[in-house]
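Have a look at the structure below before the remarks.
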Amino acid sequence: MTGVSHSIVTFATLYVATHNVFIAGSAMLGSLFPDKSEGLFWQSAHRSCSHWFVLYVAALSFFWTPDVLSVTGVQMWQAGLIPMMRRFLFWFAAGGLFHILEDAICGPVPVLYPTKRMTVLPRLFKVGSVGECLFVIAYCAVLYLIAVKL
Ligand SMILES: [Zn+2]
Numbered sequence: 039m040t041g042v043s044h045s046i047v048t049f050a051t052l053y054v055a056t057h058n059v060f061i062a063g064s065a066m067l068g069s070l071f072p073d074k075s076e077g078l079f080w081q082s083a084h085r086s087c088s089h090w091f092v093l094y095v096a097a098l099s100f101f102w103t104p105d106v107l108s109v110t111g112v113q114m115w116q117a118g119l120i121p122m123m124r125r126f127l128f129w130f131a132a133g134g135l136f137h138i139l140e141d142a143i144c145g146p147v148p149v150l151y152p153t154k155r156m157t158v159l160p161r162l163f164k165v166g167s168v169g170e171c172l173f174v175i176a177y178c179a180v181l182y183l184i185a186v187k188l
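Each residue of the sequence shown is one higher than the one before, starting from 39 at the first, in the numbering used here.
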């Protein structure tokens, strides 16, 4: 997926699930991290270590707190800077996991080893294609219908 599609799908999913802009925004930024972190090595190391889910699961475990799922804006500001950063980094890592899942529906991603990519889900479209654009629109339409029913 392109960066724009990662941002839209991740933000929309987490906003519908949590109704929290902080969570959705943190995850949206995190969804850009796996590709952006490749930097100059993008050509030679695309979808390798930066796309290994184990790193993001480890980060989620490290930043987990019991109240991370029930955060309101008022609670965040009252808790202070460190707990707020911890929550940001938790949802940032969650966004990285969303990125990997989103990449898995349009190509191989590393699963068992960080440098060996495997096809784990059916390829639904090519990156940057009209199919990707239609997928994002359809996905958001489904999320809208789910949000209206809730
Ligand atoms: Zn990627």
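Cβ atoms here follow ideal geometry from the backbone N, Cα and C, with glycine treated the same way.
Proximity to A65 [Cα-Cα], best of P152, Y94, P121: The residue given as residue 65 occupies position 27 in the sequence shown. Selected option, being the one with the closest Cα: Y94.
The segment 91-105 in contact with the segment 161-169 per 3-pair CB rule at 8 Å: no
Residue from M39, H57, V59 whose Cα sits closest to the Cα of F71: In the sequence shown, the residue the question calls residue 71 occupies position 33. With distances taken between Cα atoms, F71 lies closest to M39.
Per DSSP, cross-strand counterpart(s) of P148: In the sequence shown, counting from the first residue as 1, residue 148 sits at position 110. Paired residues: R155.
Sequence-distant residues of the same chain with beta carbon closer than 6 Å to F126, five excluded per side: On the sequence shown, residue 126 is found 88 positions in, with the first residue counted as 1. Contacts found: S64.
Beta carbon of C144 nearer than 8 Å to that of L172: In the sequence shown, residue 144 corresponds to position 106, counting from 1. In the sequence shown, residue 172 corresponds to position 134, counting from 1. Not in contact: C144 and L172 (Cβ atoms no closer than 8 Å).
Helix, strand or coil at S64 [DSSP, three-state]: The residue labelled residue 64 in the question sits at position 26 within the sequence shown. The answer is helix: DSSP assigns S64 an H, G or I state.
Residues near W80 in its chain [Cβ-Cβ closer than 8 Å; skip 5 each side]: Counting from 1 along the sequence shown, the entry for residue 80 is found at position 42. Residues D73 of the same chain have their beta carbon placed closer than 8 Å to that of W80, with the five preceding and five following residues left out of the count.
Same chain, Cβ closer than 7 Å to D141, five either side skipped, listed in chain order: What you label residue 141 is simply residue 103 of the sequence shown in a count that begins at 1. Correct list, in chain order: M39, R85, H89, V147.
Contact test: R155 Cβ vs ligand 1 heavy atom, cutoff 7 Å: Start at 1 with the first residue of the sequence shown, and residue 155 comes out as number 117. Not under cutoff, so the answer is no.
Reference I139; option with closest CA among P121, C178, L159, R155: Numbered from 1 along the sequence shown, position 101 holds the residue referred to as residue 139. Reading off the sequence, residue 139 comes out as Leu, not Ile. Of the candidates P121, C178, L159, R155, the one whose C-alpha sits nearest the C-alpha of L139 is L159.
As assigned by DSSP and simplified to three states, the class of G118: One-based indexing of the sequence shown puts residue 118 at position 80. Of the three classes helix, strand and coil, the one that applies to G118 here is coil, per DSSP.
Nearest candidate by alpha-carbon position, reference W129, set Y177, G68, V54, A55: Start at 1 with the first residue of the sequence shown, and residue 129 comes out as number 91. Ranking Y177, G68, V54, A55 by Cα distance to W129 puts G68 first.
Cβ-based neighbour list, S75, same chain, cut-off 8 Å, excluding 5 preceding and 5 following: Numbered from its first residue, the sequence shown carries residue 75 at position 37. Cβ neighbours of S75 beyond the five flanking positions: S88.
beta-carbon D73 near ligand 1 non-hydrogen atom, thresh 7 Å: Start at 1 with the first residue of the sequence shown, and residue 73 comes out as number 35. For ligand 1, at least one heavy atom lies less than 7 Å from the Cβ of D73.
Check: R85 C-beta below 7 Å from any heavy atom of ligand 1: For this step, residue 85 is matched to residue 47 along the sequence shown. Checking the Cβ of R85 against ligand 1 gives yes.
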